[in-house]
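What follows is one structure encoded as structure tokens, with my remarks underneath.
Residue numbers (our numbering): 143 to 209.
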């Protein structure tokens with residue numbers, strides 16, 4: 143995911159849906175300072191996360207996924 147999003151400029155990217163991801167990886171991209179996080183904050187207005195981890199949901203990630 144990181145390589146795809148950083149490979150080019152996507153000026154019209156306002157919505158992103160991420161399926162089948164590991165919680166720890168998503169938390170790294172979304173909660174810590176990273177180039178992806180700054181891109182998310184500047185452009186993406188609708189972020190959908192569909193998690194299929196068998197472990198319990200991490201509380202801070204749950205806050206991102208509730209509507």
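All C-beta atoms in this analysis are idealised placements derived from N, C-alpha and C, irrespective of residue type, glycine included. Here the structure is a predicted model, which means the values were calculated and not measured.
Tell me the rounded alpha-carbon separation between residue i and residue j.
i	j	result
residue 147	residue 180	12 Å
residue 190	residue 184	16 Å
residue 160	residue 149	17 Å
residue 209	residue 157	Because residue 209 carries a pLDDT of 47, less than 50, the predicted location of this residue cannot be relied on, and the following value inherits that uncertainty. Their backbone Cα atoms lie some 16 Å apart in a straight line.
residue 152	residue 144	13 Å
Following the continuous beta strand (DSSP E) through residue i, name the residue where it begins and the one where it ends.
i	result
residue 144	Here residue 144 belongs to no beta strand (DSSP E); instead the alpha helix (DSSP H) covers 144-149.
residue 163	From DSSP, residue 163 is part of no beta strand (DSSP E); its letter is neither H nor E.
residue 156	Per DSSP, residue 156 belongs to no beta strand (DSSP E) and is neither H nor E.
DSSP on residue i, reduced to helix/strand/coil?
i	result
residue 169	helix
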